[in-house]
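Here is the structure we will look at, set down as structure tokens.
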Amino acid sequence: MNSVKHSSIMQILINIGVFNNCRMPDKHDIWALKVALLPTMTRWDVVVTTGGPYSTHTIGYFLKKKGLAQRWIVDWRDLWTNNHFFHGLPIFRPVEKNIGTSFSPDV
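Using the numbering used here, you'd call the opening residue of the sequence shown number 80 and step up by one each time.
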């Protein structure tokens with residue numbers, strides 16, 4: 080009975096998009112981290128990342144941190160900012176706050 084209840088809850092969460100592209104970190108972080116860690120000698124004046132998936136911003140973040148981008152412009156496409164109906168999920172709030180805070184000085 081518990082496994083049926085658990086799978087039903089997980090299906091609901093998946094269906095409403097909690098674990099899809101609207102969260103950060105998202106399910107695409109593995110490839111983004113691999114790309115961000117590739118050795119490169121190219122330097123850019125400006126790097127623009129736009130998403131979702133929000134993992135694309137991971138690449139911009141690492142390029143800026145490595146000194147390979149002078150400026151980093153982020154288009155969050157944030158549908159949740161100032162949304163009076165959705166304040167986020169408590170389980171994700173600390174992670175999202177930490178990521179947002181760590182990105183802020185570099186953006």
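Here a beta-carbon is modelled for each residue, glycine too, at the ideal position from N, C-alpha and C.
Quiz item: Is TRP155 helix, strand or coil by DSSP?
Solution: Stepping through the sequence shown from its first residue, residue 155 is reached at position 76. Reduced to three states, the DSSP call for TRP155 is coil.
Quiz prompt | Same chain only: Cβ atoms within 8 Å of THR121, ignoring 5 sequence neighbours per side | solution = For this step, residue 121 is matched to residue 42 along the sequence shown. If we look at THR121 and ignore the five residues flanking it on each side, its Cβ neighbours are LEU147.
Practice problem: Would you check if the distance between the CB atom of SER134 and the CB atom of ASP154 is smaller than 8 Å? | Solution: For this step, residue 134 is matched to residue 55 along the sequence shown. For this step, residue 154 is matched to residue 75 along the sequence shown. It is not a contact, given that the beta carbons lie outside the stated cut-off.
Self-check item: THR137, enclosing beta strand (DSSP E) - first and last residue
Solution: Taking the first residue of the sequence shown as 1, we reach residue 137 at position 58. Counting along the chain, no beta strand (DSSP E) covers THR137; the unbroken alpha helix (DSSP H) around it starts and ends at 135-144.
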